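Below you'll find the structure, written out as structure tokens, and then a few comments.
Residue numbers (our numbering): 1 to 262.
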């Protein structure tokens, strides 16, 4: 049986809240789980995947980005850079209090942050990206389209998942300054991508790019000595909530993949 243990640790904008999923017995290694753009560590799929991996013998820390869930900060003042800083803080906490993370796992924008940060954390052997985008520009464009005042006045609001959120211009400007696609192309850590061809939020071509295929130019597969794998989840939605079969499959494949790597 695993244990769930609430923790708090310092971040760049105050305390960050997390939950440790601790296996009983020998721990194969530690994983750091980052959530999506406006979600939190308690998203149903994140909880079930984290606990499933803990049942397989992996220690997992799932945490909230600044301004979301139980973490300090103001969401409107966050951006992709602060997400990456929060991930680094969580990795530092794991390293000092338990053990350095061997794997990063992230859903959607959390997957993007995980891919962006993997090469900067020496202990990381691989990244698991769930429904993750291959760039951050598209989200900036989407937010401005939802409320043009973000660009014209510097502050606007959008409704995502029934939640009204303030968005500052600095956020979309930060999204546009990162070249995530180039970072992923040069990633030196192993990468496992899960994505639904029917994803209504992040199109499947993002998964194809992240897996090493240049979909836009038709250049075909980009050879790499670093292992990359793509697992399609046909019929699934972006939040992985519409099929009971998805989570056990993700857990089983992720466990086998990580075990093989170490």
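Positions of the beta carbon are idealized from the N, C-alpha and C atoms, including for glycine.
The structure displayed is predicted, hence computed values, not measured ones.
Among the options, which one has its Cα closest to the Cα of residue i?
i: residue 180; options: 229, 38, 260 and 209; result: 209
i: residue 126; options: 227, 158 and 206; result: 227
i: residue 133; options: 52, 29 and 193; result: 193
i: residue 233; options: 196, 72 and 250; result: 196
i: residue 241; options: 31, 46, 176 and 18; result: 46
i: residue 38; options: 67, 142, 178 and 144; result: 67
i: residue 34; options: 154, 262 and 106; result: 106
i: residue 77; options: 168, 159, 121 and 1; result: 168
Output yes or no for whether 7 Å exceeds the beta carbon distance between residue i and residue j.
i: residue 9; j: residue 65; result: no
i: residue 11; j: residue 86; result: yes
i: residue 41; j: residue 62; result: yes
i: residue 116; j: residue 183; result: yes
i: residue 88; j: residue 101; result: no
i: residue 281; j: residue 17; result: The requested residue 281 is not part of the displayed model; the chain covers only 1 to 262.
i: residue 188; j: residue 140; result: no
i: residue 26; j: residue 51; result: no
From the DSSP output, read off the bridge partner residues of residue i.
i: residue 3; result: 22
i: residue 63; result: 18 and 34
i: residue 157; result: 166
i: residue 229; result: 192
i: residue 104; result: 32 and 127
With DSSP collapsed to three states, give me the class of residue i.
i: residue 166; result: strand
i: residue 239; result: coil
i: residue 111; result: helix
i: residue 217; result: Residue confidence is low: residue 217 scores 49 on pLDDT, short of 50, so the model does not pin down where it sits. Its coordinate-derived value is still stated next. Looking at residue 217 - three-state DSSP - the assignment turns out to be coil, as it is neither helix nor strand.
i: residue 248; result: helix
i: residue 198; result: coil
i: residue 11; result: strand
Open item on the list: Would the stretch 66 to 81 count as touching the stretch 47 to 56 if we require 3 or more Cβ pairs under 8 Å?
Closed with: The stretch 66 to 81 makes no contact with the stretch 47 to 56: fewer than 3 CB pairs, one atom from each, lie closer than 8 Å.
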